[in-house]
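The working numbering numbers the first residue of the sequence shown as 1 and each following residue consecutively.
Comments concern the structure below.
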Amino acid sequence: MDGTRLARARNLREHAKVYRHARQACQEITYQSPKNLQSVKIRRSFVVARDTDVRFTLSLRNLTLSLFGDRETEELEEFSLSWHNSPLSSLVSSRGIALQLYLVALFEAQCRCMPGVEPKNGRPLLPRRGESFSWLDLIAAPSASRTRATTPQDNLVRQFKRALRHLEREMLVELGGGRSAKGRFERFRLLDEGGVPTRAGARVRYTVPIENDEVIDVPVRFFTSGWVHVLSPAEIATYLILLDLKKIHPDVHDAEGVFLSRGIREARYKLSRDAYESHLNLARYGLIVRLHNPNRREDGKVATFREPPSPHRFQIAEHAFLRWGLEVVSKVLNG
Numbered sequence: 001m002d003g004t005r006l007a008r009a010r011n012l013r014e015h016a017k018v019y020r021h022a023r024q025a026c027q028e029i030t031y032q033s034p035k036n037l038q039s040v041k042i043r044r045s046f047v048v049a050r051d052t053d054v055r056f057t058l059s060l061r062n063l064t065l066s067l068f069g070d071r072e073t074e075e076l077e078e079f080s081l082s083w084h085n086s087p088l089s090s091l092v093s094s095r096g097i098a099l100q101l102y103l104v105a106l107f108e109a110q111c112r113c114m115p116g117v118e119p120k121n122g123r124p125l126l127p128r129r130g131e132s133f134s135w136l137d138l139i140a141a142p143s144a145s146r147t148r149a150t151t152p153q154d155n156l157v158r159q160f161k162r163a164l165r166h167l168e169r170e171m172l173v174e175l176g177g178g179r180s181a182k183g184r185f186e187r188f189r190l191l192d193e194g195g196v197p198t199r200a201g202a203r204v205r206y207t208v209p210i211e212n213d214e215v216i217d218v219p220v221r222f223f224t225s226g227w228v229h230v231l232s233p234a235e236i237a238t239y240l241i242l243l244d245l246k247k248i249h250p251d252v253h254d255a256e257g258v259f260l261s262r263g264i265r266e267a268r269y270k271l272s273r274d275a276y277e278s279h280l281n282l283a284r285y286g287l288i289v290r291l292h293n294p295n296r297r298e299d300g301k302v303a304t305f306r307e308p309p310s311p312h313r314f315q316i317a318e319h320a321f322l323r324w325g326l327e328v329v330s331k332v333l334n335g
């Protein structure tokens, strides 16, 4: 077992209580929802490459958490966002919880709001006595790092704010404009999944997708069974892309499986080869079925060069999310 896999397995084991709490919090907000939510709809613009070239100036406030509160400094930086990337692939490279947070925020919004509605964020950042679950309840981000963090909650707050700043740079959330750090992060607003401004440079506010929108349907149990918390960003990205391919080619998916050629992977989805290799874990978890390929070995490497190698084909496993993500991933990583 390699060091990274061993460390990940140990993290899941040592912080199992944190992951279970986040899963239960996600379950509770579906119970409180007036909707019978079966899937979370994510616009396709989230997974495909941006096709706009924009330069703009963004005011960043770099926050440093201290024992006595937040100290804030402000500086101006010019960003040329990775428009060669998709919003999804831009978040895969992050070592933090930006992707998890954005997906959970979409899930939370769709639990509350009907199609076409712009959700207002009234959920508190920190837990409050007598109130519903906070944002920190819905997120799982334990860390073994003890640098400057005085409590697990301090560590989670720091990661949460870092993730929001990352999402702000990708134009996926809008933070408050006040000088108060608490106000800025407490009332963040979701922006459209495409992460692209209007021609005038204005941010596009998020609305719950309507019937005619091109979307990927992510089963609600991806959230309520805790998979969103335990999968790596690369695993999540690869799974969402395979869902997109299934949506585009449903008959091919069901008959012989979909494939992700190098050209499509790099041009349409901007997914790196390293991230794509996470399909091996997705198959081990039982989330996808990797169909037999006589030209390739079990680890995905070409077995023979007598014939041109063909790409792997995949099918999305049905009912895979009925199992708890924590238990499944832990078992595989420890196997």
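All C-beta atoms in this analysis are idealised placements derived from N, C-alpha and C, irrespective of residue type, glycine included.
Q. Any C-beta of chain B sitting closer than 9 angstroms to the C-beta of R187?
A. Absent from the structure is chain B; it holds one protein chain and no more.
Q: Tell me R290's beta-bridge partners as DSSP assigns them.
A: Here residue 290 refers to the residue found at position 290 when the sequence shown is read from its first residue. Answer by DSSP bridge pairing, in chain order: F314.
Q: Buried or exposed for R123, please, with buried defined as at least 16 other CB atoms from any protein chain shown within 10 angstroms of its CB.
A: Taking the first residue of the sequence shown as position 1, residue 123 is located at position 123. The residue is buried, with at least 16 neighbouring Cβ atoms inside 10 Å.
Q. Can at least three beta-carbon pairs, one atom from the region 7–20 and one from the region 216–224, be found at a separation below 8 angstroms?
A. no
Q. From G116, R273, I29, S89, pick the residue whose C-alpha is nearest to that of T224; which is it?
A. Within the sequence shown, numbered from 1, the residue matching residue 224 stands at position 224. When each option's Cα is compared against that of T224, the closest is I29.
(Q) With a threshold of 8 angstroms, are at least 3 pairs of Cβ atoms found where one atom belongs to the region 103–117 and the other to the region 37–47? (A) yes
Q) Skipping 5 residues on each side, what residues in its chain have a beta carbon closer than 7 angstroms to that of R5? A) For this step, residue 5 is matched to residue 5 along the sequence shown. Answer for R5: L333, listed in chain order.
Q: State the CB to CB distance for the pair V48 and R268, rounded to an integer number of angstroms; the pair is presumed to be in contact (CB under 8 angstroms).
A: Here residue 48 corresponds to residue number 48 of the sequence shown, with the count starting at 1. Here residue 268 corresponds to residue number 268 of the sequence shown, with the count starting at 1. Confirmed, about 6 angstroms.
Q. Is D254 helix, strand or coil by DSSP?
A. Taking the first residue of the sequence shown as position 1, residue 254 is located at position 254. Helix at D254.
Q. According to the Cβ coordinates, are R290 and A283 closer than 9 angstroms?
A. The residue you call residue 290 lines up with position 290 of the sequence shown. The residue you call residue 283 lines up with position 283 of the sequence shown. In this structure, A283 lies closer than 9 angstroms to R290 by Cβ.
Q: Please work out which residues of its chain come closer than 8 angstroms, Cβ to Cβ, to L125, disregarding the five sequence neighbours upstream and downstream, and give them in chain order.
A: On the sequence shown, residue 125 is found 125 positions in, with the first residue counted as 1. Here the set comprises S134, W135, L136, V157, F160, K182, F185, E186.
Q. Any idea if H166 is buried or exposed, counting beta-carbon neighbours within 10 angstroms, 16 or more meaning buried?
A. Within the sequence shown, numbered from 1, the residue matching residue 166 stands at position 166. The residue is buried, with at least 16 neighbouring Cβ atoms inside 10 Å.
Q: Would you please state the rounded distance, in angstroms, between the beta carbons of D213 and R205? I believe it to be under 8 angstroms.
A: Residue 213 sits at position 213 when you count from the first residue of the sequence shown. Residue 205 sits at position 205 when you count from the first residue of the sequence shown. Not quite, the Cβ-Cβ distance comes to about 15 angstroms (not below 8 angstroms), so this is no contact.
Q | Enclosing alpha helix (DSSP H) for K331 [first to last residue] | A | The residue given as residue 331 occupies position 331 in the sequence shown. Start and end: 325–334.
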